[in-house]
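Colleague: In the working numbering, the protein residues as written are 3 to 429.
The C-beta atom is built at its ideal place from N, Cα and C for all residues, glycine as well.
All of these numbers come straight from a predicted model, not from anything done at the bench.
#1: Counting only the same chain and skipping the five closest in sequence on each side, list residues whose C-beta sits under 6 Å from that of residue 48.
#2: Just mark residue 114 as buried or exposed, buried being the case when its beta carbon has 16 or more other beta carbons within 10 Å.
#3: Quick one, are the C-beta atoms of residue 236 and residue 377 less than 8 Å apart?
#4: Is residue 90 closer than 8 Å to residue 342 when the C-beta atoms are compared?
#5: Would you decide whether residue 86 is buried or exposed? Buried here means 16 or more other CB atoms lie within 10 Å of its CB.
#6: With burial defined as no fewer than 16 other Cβ atoms inside 10 Å of the residue's Cβ, what is the status of residue 190: buried or exposed?
#7: Does DSSP put residue 302 in a helix, in a strand, or in coil?
#8: Would you kindly work out how many angstroms separate the C-alpha atoms of residue 21 and residue 222, rounded to a whole number?
#9: Distance check for residue 44 and residue 250, CA to CA, integer angstroms please.
#10: DSSP beta-bridge partners for residue 282?
#11: Applying the criterion that 16 or more other CB atoms from any shown protein chain within 10 Å of the CB defines a buried residue, is residue 427 buried or exposed?
#12: Am I right that residue 239 and residue 254 are in contact with their C-beta atoms under 8 Å? What's the rounded C-beta distance?
#13: Three or more beta-carbon pairs under 8 Å between the region 301 to 318 and the region 155 to 162, yes or no?
#14: Could you tell me how far apart the beta carbons of residue 18 and residue 70 are, in whole angstroms, since I believe they sit closer than 8 Å?
#15: How many angstroms separate the CA atom of residue 252 from the CA atom of residue 267?
#16: Compute the Euclidean distance between the alpha carbons of residue 434 and residue 259, then round it to the nearest angstrom.
#17: Can you find the residues in the same chain that come closer than 6 Å, C-beta to C-beta, to residue 263, ignoring five residues on each side of it along the sequence?
#18: What is the residue span of the alpha helix (DSSP H) that residue 340 lies within?
#19: Can you find the residues in the same chain that come closer than 6 Å, C-beta to C-beta, to residue 234, ignoring five residues on each side of it along the sequence?
#20: Is residue 271 near residue 298, with beta carbons less than 8 Å apart?
#21: Report yes if the C-beta distance between residue 188 and residue 118 is below 8 Å; otherwise report no.
#22: Would you list, in sequence order, the uninterrupted beta strand (DSSP E) runs of no fewer than 3 residues that lie entirely inside the region 98 to 165?
#23: Rounded to the nearest angstrom, what separates residue 184 and residue 15 at their Cα positions?
#24: By DSSP's criteria, residue 29 is part of a beta bridge. Which residues make up the other side?
#25: Grouping DSSP H, G and I as helix and E and B as strand, with all else coil, what is residue 446?
#26: Have a look at 412, 146, 356 and flag the residue whose alpha-carbon is nearest the alpha-carbon of residue 213.
#27: Identify which residue in 204, 205, 232 has its Cα closest to the Cα of residue 216.
#28: What residue range does the beta strand (DSSP E) around residue 355 cover?
#29: Roughly how many angstroms separate the alpha carbons of residue 202 and residue 358, rounded to a whole number?
#30: For residue 177, which residues does DSSP report across the bridge?
#31: I'd like to know if the region 127 to 142 and the region 384 to 403 are in contact, where contact means that at least 3 CB-CB pairs between them fall below 8 Å.
#32: Starting from residue 9, trace the beta strand (DSSP E) both ways and give me its first and last residue.
#33: Where does the unbroken beta strand (DSSP E) through residue 290 begin, and where does it stop?
#34: Give me the DSSP bridge partner(s) of residue 15.
#35: Report the option in 25, 100, 42 whose CA atom is closest to the CA atom of residue 194.
#36: When we look at the beta-carbon of residue 27 and count the other beta-carbons within 10 Å, is it buried (16 or more) or exposed?
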């Protein structure tokens, strides 16, 4: 079977809305730029508070990283909570840990409230230690989160093998706050909820200019404009054009995935039998999960669009055979790639470059929950002006040097590591 370049989540979400492009002028309280997790969460929470909202999307809802990611509903950030508090200070760091620790619960509540069919599972996630160093890191994370009252547990021995379905992992951190979903279906559900509350949504409407006009902002597209008191820039890694400095505050990276054909029920149950999603502790990590139809989904850092399909198949075979050697050879069905906004310290940035204008970037691959939380926080801040509603304070925009070089170096490192996996030099 040839490996198709197709996003599985789009295939599994056939009823995606396709809104018309903006034409003419629209006047609203808030204009949201970007129809991903952040923008739609902001729009939804603003509408709940009685604001009129217009959402502009350059393509279609979920086109960017929101519709192309792994679909892990994770708590917290990549960085352990103690390090976050050390970096931000105890007051800010503890607020960020609290808000992102509760992020999965916010996602679950929106799914329940708006009856979003996104194949949500709430069994948690598994962070899997691939070696002794990884196990030590997970033990430390377990202790840090337990001090904060989080329901996490380090599984070892038989319990670990039963949870992961593999003997190649000595320990795995089970986070019961977390879960998995179909990210495109979640985005679609948020978009439908926005429209259901009276929000205006326009697809195929990339922003060409953003400027102040008196007490309002004018957000211009090719065929129309939006006049709004406030603006949320939620385009993150998919920010296009020169109308904002945002894209100079991160460097783009990529994450690809490969999905199998649906496995037999017996074969699928050998992989993560409890239904959790997972990722390992390698520096160039591998993610592993199943979808509702029993497909095996593998992913890793890197741009799959720049790799031949035989390379992606060889990589997927290597990871599958390492972790699940008892499976029969797997047929790989499709592959897709999403873009990530990286920052040098792997922490997000919130910006308020002018009154009534807010922006965010740098989720570093944790968009499902972080985007949902930041969208709600922006809505609260714009309505009440209280900076305590934000997970972290606003930072000044400071364009990064060597954005293109950073991206190239990251991609080269990822590709070399994956080549080593394919050649069985590393795993």
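Modeller: Taking the geometry as given:
#1: Position 46 of the chain shown, counting from 1, holds the residue named residue 48. Only 32, 55, 381 meet the Cβ criterion.
#2: Reading the chain shown from its first residue, position 112 is the one you call residue 114. Exposure of residue 114 is indicated by the presence of fewer than 16 other C-beta atoms within 10 angstroms of its C-beta.
#3: Here residue 236 refers to the residue found at position 234 of the chain shown. Here residue 377 refers to the residue found at position 375 of the chain shown. Against a cut-off of 8 Å, the Cβ pair of residue 377 and residue 236 comes out as a contact.
#4: Position 340 of the chain shown, counted from the first residue, corresponds to residue 342. Position 88 of the chain shown, counted from the first residue, corresponds to residue 90. No, Cβ-Cβ distance for residue 342 and residue 90 is not below 8 Å.
#5: Here the question's residue 86 lines up with position 84 in the chain shown. Buried is the call here.
#6: In the chain shown, residue 190 corresponds to position 188, counting from 1. The residue in question, residue 190, is buried, as its Cβ has 16 or more Cβ neighbours within 10 Å.
#7: Stepping through the chain shown from its first residue, residue 302 is reached at position 300. It is a strand residue.
#8: As a working mapping, residue 21 is identified with position 19 in the chain shown. As a working mapping, residue 222 is identified with position 220 in the chain shown. Spanning the two alpha carbons is a distance of roughly 17 Å.
#9: On the chain shown, position 248 is the one that residue 250 refers to. On the chain shown, position 42 is the one that residue 44 refers to. Taking the straight line joining both Cα atoms gives about 23 Å.
#10: As a first step, residue 282 must be located in the chain shown, where it is residue number 280. 130, per the DSSP bridge assignment.
#11: On the chain shown, position 425 is the one that residue 427 refers to. Burial state of residue 427 is exposed, judged by a 10 Å Cβ sphere holding fewer than 16 other Cβ atoms.
#12: Walking along the chain shown from the start, residue 239 turns up at place 237. Walking along the chain shown from the start, residue 254 turns up at place 252. About 6 Å separates the beta carbons of residue 239 and residue 254, which is inside the 8 Å limit, making them a contact pair.
#13: no
#14: The residue you call residue 18 lines up with position 16 of the chain shown. The residue you call residue 70 lines up with position 68 of the chain shown. About 13 Å; that fails the 8 Å criterion.
#15: Position 250 of the chain shown, counted from the first residue, corresponds to residue 252. Position 265 of the chain shown, counted from the first residue, corresponds to residue 267. So the two alpha carbons sit approximately 42 Å from each other.
#16: This structure leaves residue 434 out entirely; the chain is present only between 3 and 429.
#17: If you number the chain shown from 1, residue 263 lands on position 261. Result list for residue 263: 333, 335, in chain order.
#18: For the purposes of this step, residue 340 is taken as residue 338 along the chain shown, with counting starting at 1. No alpha helix (DSSP H) holds residue 340; the beta strand (DSSP E) holding it covers 334 to 344.
#19: Looking up residue 234 in the chain shown gives position 232. Short of 6 Å from the beta carbon of residue 234, and not among the five residues preceding or following it, lie these beta carbons of its own chain, in chain order: 34, 44, 360, 380.
#20: In the chain shown, counting from the first residue as 1, residue 271 sits at position 269. In the chain shown, counting from the first residue as 1, residue 298 sits at position 296. Taking 8 Å as the Cβ cut-off, residue 271 and residue 298 do not qualify as a contacting pair.
#21: Position 186 of the chain shown, counting from 1, holds the residue named residue 188. Position 116 of the chain shown, counting from 1, holds the residue named residue 118. In this structure, residue 118 lies closer than 8 Å to residue 188 by Cβ.
#22: Every unbroken stretch of the beta strand (DSSP E) spanning 3 or more residues and falling wholly within the region 98 to 165 is given here in chain order: 127 to 131, 154 to 158.
#23: The residue labelled residue 184 in the question sits at position 182 within the chain shown. The residue labelled residue 15 in the question sits at position 13 within the chain shown. Each residue's alpha carbon lies about 8 Å from the other.
#24: Position 27 of the chain shown, counted from the first residue, corresponds to residue 29. Residue 29 is bridged to 229.
#25: The requested residue 446 does not occur in the structure, where the chain is confined to residues 3 to 429.
#26: Numbered from 1 along the chain shown, position 211 holds the residue referred to as residue 213. Nearest of 412, 146, 356 to residue 213, Cα basis: 356.
#27: To locate residue 216, count along the chain shown from 1; it is residue 214. It is 232 whose Cα lies nearest to the Cα of residue 216.
#28: Sequence index remark: in the chain shown, residue 355 carries index 353 (1-based). Counting along the chain, the beta strand (DSSP E) containing residue 355 begins and ends at 351 to 356.
#29: Here residue 202 refers to the residue found at position 200 of the chain shown. Here residue 358 refers to the residue found at position 356 of the chain shown. Roughly 20 Å separates the two Cα atoms.
#30: To locate residue 177, count along the chain shown from 1; it is residue 175. Looking at the DSSP assignment, residue 177 forms a beta bridge with 127, 154.
#31: The region 127 to 142 is not in contact with the region 384 to 403.
#32: To locate residue 9, count along the chain shown from 1; it is residue 7. Note, residue 9: premise wrong, no beta strand (DSSP E); not H, not E.
#33: Residue 290 sits at position 288 when you count from the first residue of the chain shown. 288 to 292 is the span of the beta strand (DSSP E), which, as asked, contains residue 290.
#34: Walking along the chain shown from the start, residue 15 turns up at place 13. Looking at the DSSP assignment, residue 15 forms no beta bridge with any residue, so it has no partner.
#35: The residue given as residue 194 occupies position 192 in the chain shown. Nearest option by C-alpha distance: 42.
#36: Translated into the one-based positions of the chain shown, residue 27 becomes position 25. Burial state of residue 27 is exposed, judged by a 10 Å Cβ sphere holding fewer than 16 other Cβ atoms.
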